[in-house]
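Note that the sequence shown covers residues 9 to 306 in this note's numbering. A short worksheet on the structure shown next.
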Amino acid sequence: MASDGFSDFFYAAPDGLRLHARIYGEANAGSWPIVCLPGLTRNARDFHELALYLSIKAERPRKVVAFDYRGRGQSDRDPDIGHYNIGVEAGDVLAGLSALGIEQAAFIGTSRGGLIIHVLGALQPAVLKAIVLNDIGPAIEAAGLAHIRSYLDPAPRPKTFGEAVDAQRSVHGADFPALADADWPRMVRAICRETEAGWVPDFDPALVDTLAGIDFSKPLPDLWPQFDALAAIPLLVIRGANSKLLSSTTLKEMQERHPGMEAITVEGQGHAPFLDTGDLSGKIAVFLDRQENQIKQK
Numbered sequence: 009m010a011s012d013g014f015s016d017f018f019y020a021a022p023d024g025l026r027l028h029a030r031i032y033g034e035a036n037a038g039s040w041p042i043v044c045l046p047g048l049t050r051n052a053r054d055f056h057e058l059a060l061y062l063s064i065k066a067e068r069p070r071k072v073v074a075f076d077y078r079g080r081g082q083s084d085r086d087p088d089i090g091h092y093n094i095g096v097e098a099g100d101v102l103a104g105l106s107a108l109g110i111e112q113a114a115f116i117g118t119s120r121g122g123l124i125i126h127v128l129g130a131l132q133p134a135v136l137k138a139i140v141l142n143d144i145g146p147a148i149e150a151a152g153l154a155h156i157r158s159y160l161d162p163a164p165r166p167k168t169f170g171e172a173v174d175a176q177r178s179v180h181g182a183d184f185p186a187l188a189d190a191d192w193p194r195m196v197r198a199i200c201r202e203t204e205a206g207w208v209p210d211f212d213p214a215l216v217d218t219l220a221g222i223d224f225s226k227p228l229p230d231l232w233p234q235f236d237a238l239a240a241i242p243l244l245v246i247r248g249a250n251s252k253l254l255s256s257t258t259l260k261e262m263q264e265r266h267p268g269m270e271a272i273t274v275e276g277q278g279h280a281p282f283l284d285t286g287d288l289s290g291k292i293a294v295f296l297d298r299q300e301n302q303i304k305q306k
C-alpha cells in the first residue's frame, strides 16, 4: 500500500474498457469489506478521508474499495456516451468486485452511487450486506437534478487552485454553511485535476450531455420497486438538511416502507453531505459494526 493509505487497482469492464478503483486497508480481513460508490461526476477521491477512517482509525478496521466509474477519475472515457448509465455502471462495479474476489460487502453510495445500489439489489442482491445511502433515495426531485445540470454546464475552468476553491464556494456555499474553510480545498482536490489549462473537473464532459432532453418540469422516473426489494437489508440514509435532490417527504416514505431503516439529517449541508465531516464517519462505522454483529449472532 502506498504511503497515502491506498493502492490503485485496474481491471477490465465487461466491454473491455480499463477501469480503476482505490483499495484501502487491503490486509484487513474478518469483517465485511466496504464498497464506496460516488456521484454522477465524482470519483474515488470523494471518499478518501472516510476510507482512511474506516480502514485505519475505526474500532474495527475494514478493507475499503472506492470505484471510479467509466469516464471519471482514472478510469477510461467511453467513446459511446450511451454507456454512461446506471445499468452499465452497476455491471462495471460487479466486474470489479469479481476481479477483487469480493462476494459480499457493505455499500456506501452517494447520489448516483445510491441509484447503482438499487440496481445491484435487482441484479445480485446477495452481494449487499448493509447499505448507506448518502442523500439519495428511490425518488429524485427534478429541481435538484436541474440544479446539478446548471452548475455542470458549463463547468468552470479556473486557472489557479485558489480560483477553483472560490468557484466551488460560490456555487455551493449557500447550501453548505456548515463547512469549515479546510473543507473547500479538499473538495476541489477530490473533484478536479490540474492541467496546463488550469483546474478542470475530473470527468468526461460528455457526461453532461446525458442530462440533455430531461424535462425538469415533470416528475422523474422512480425506483420504488427496487427500493422495496431492499427491505431485508440493513439501511442507513444520510440526508443534507438543505438537499434539493432528496426531499424530507421521500425520506419519510422510505422509513415507512423500510421500518428498520435508520436516518441522519445533517444540518448546514446540502447535496450531498461530506461524509468525513462532524461525526459522520464514526456513525457510519458504528452502524456497520452493529449490523454485522447482529447478523453473526443469529
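Every residue gets a Cβ at the ideal spot worked out from N, C-alpha and C, and that includes glycine.
Helix, strand or coil at residue i [DSSP, three-state]
i: HIS180; result: helix
i: ALA35; result: coil
i: THR257; result: helix
i: PRO213; result: helix
i: TRP232; result: helix
i: LEU141; result: strand
i: ALA237; result: coil
i: TYR77; result: coil
i: THR118; result: strand
i: TYR19; result: strand
i: LEU187; result: coil
i: TRP40; result: coil
i: THR218; result: helix
i: GLU204; result: coil
i: ARG265; result: helix
i: GLY276; result: coil
i: ILE110; result: coil
i: LEU243; result: strand
i: GLU270; result: strand
i: ARG165; result: coil
i: GLY24; result: coil
i: ALA29; result: strand
i: GLY286; result: coil
i: GLY13; result: coil
Spatial neighbours of residue i in its chain, beta-carbon cut-off 8 Å, leaving aside the 5 residues before and after
i: ALA151; result: PHE224, LYS252
i: ALA172; result: PRO164, PRO166, VAL196, CYS200, GLY206, TRP207
i: ILE124; result: LEU45, ILE94, GLU97, ALA98, VAL101, GLY117
i: ALA220; result: none
Anticipated Cβ contact below 8 Å, residue i with residue j, distance rounded
i: ILE241; j: ILE272; result: Their Cβ separation, rounded to whole angstroms, is 18 Å, which puts ILE241 and ILE272 out of contact at 8 Å.
i: LEU238; j: ILE116; result: That belief does not hold up - the Cβ atoms of LEU238 and ILE116 are roughly 14 Å apart, past 8 Å.
i: GLU57; j: ARG78; result: Contact flag wrong, Cβ pair sits at about 24 Å.
i: PHE14; j: ILE42; result: Between ILE42 and PHE14 the Cβ distance is about 13 Å, and since that is not below 8 Å, they are no contact.
i: ARG85; j: ASP212; result: 4 Å
i: ALA293; j: ALA66; result: 4 Å
Option in the options with minimal Cα separation from residue i
i: TRP232; options: PHE14, ASP284, GLU261, LEU215; result: GLU261
i: PRO229; options: LEU153, PRO133, GLY109; result: LEU153
i: ASN93; options: ALA214, SER158, ARG165, SER289; result: ALA214
i: LYS304; options: PHE17, ALA20, LEU27, TRP40; result: TRP40
i: ILE222; options: GLY181, GLY33, ARG157, VAL135; result: ARG157
i: ASN250; options: PHE295, PHE184, PRO193; result: PHE184
i: ASN142; options: LEU27, ARG120, GLU204, GLY109; result: ARG120
i: ASP191; options: PHE282, GLU111, ASP236, HIS126; result: PHE282
i: ALA147; options: GLY181, HIS155, SER255, TYR19; result: SER255
i: VAL72; options: THR258, GLY33, PHE235, LEU259; result: GLY33
i: ASP236; options: GLN277, VAL127, GLY81; result: VAL127
i: VAL179; options: GLY278, SER63, ASP287; result: GLY278
i: GLY8; options: VAL135, LEU187, PRO87; result: This structure gives no information on residue 8, because the portion of the chain shown stretches from 9 to 306.
i: ILE64; options: ALA35, ASP86, LYS137, LEU48; result: ALA35
i: GLU204; options: ALA114, GLY24, THR168; result: THR168
i: ALA37; options: ASP284, ALA113, GLY276; result: ALA113
i: GLY181; options: GLY276, LEU25, ASP210; result: GLY276
Cut-off 6 Å between Cβ atoms - residues of its own chain near residue i, not counting five sequence neighbours on either side
i: ALA198; result: ARG53, ASP54
i: CYS44; result: PHE55, ALA74, ILE116
i: HIS266; result: ALA239, LEU243
i: GLU76; result: Before going further, note that residue 76 is Asp rather than Glu in the sequence given. Closer than 6 Å at Cβ, skipping near neighbours: HIS28, ASN51, ALA52, GLN82, SER83.
i: TYR61; result: SER289
i: PHE295; result: LEU244
i: ARG68; result: SER39, ASP297
i: PRO193; result: VAL173
i: ASP284; result: GLU57, LEU58
Residue environment, residue i, which counts as buried when at least 16 other CB atoms sit within 10 Å
i: PRO227; result: exposed
i: ALA59; result: buried
i: ASP100; result: buried
i: GLU111; result: exposed
i: ARG50; result: buried
i: SER289; result: buried
i: PRO46; result: buried
i: ARG70; result: buried
i: ARG80; result: buried
i: GLY109; result: exposed
i: PRO87; result: exposed
Residues near residue i in its chain [Cβ-Cβ closer than 7 Å; skip 5 each side]
i: MET269; result: LEU243, VAL245, MET262, GLN263
i: ILE89; result: ALA214, ASP217, THR218
i: ALA21; result: LEU27, ARG78, ASP100, ALA103
i: GLN132; result: LEU102
i: THR258; result: GLY145, ALA147
i: GLY4; result: Outside the shown range of the chain (9 to 306) lies residue 4, about which nothing can therefore be said.
Interface flag, residue i vs chain B, CB-CB below 9 Å
i: GLN302; result: Absent from the structure is chain B; it holds one protein chain and no more.
Near the ligand SAH: residue i beta-carbon under 8 Å from a heavy atom
i: ASP84; result: The ligand SAH is not part of the structure shown, which contains no ligands of any sort.
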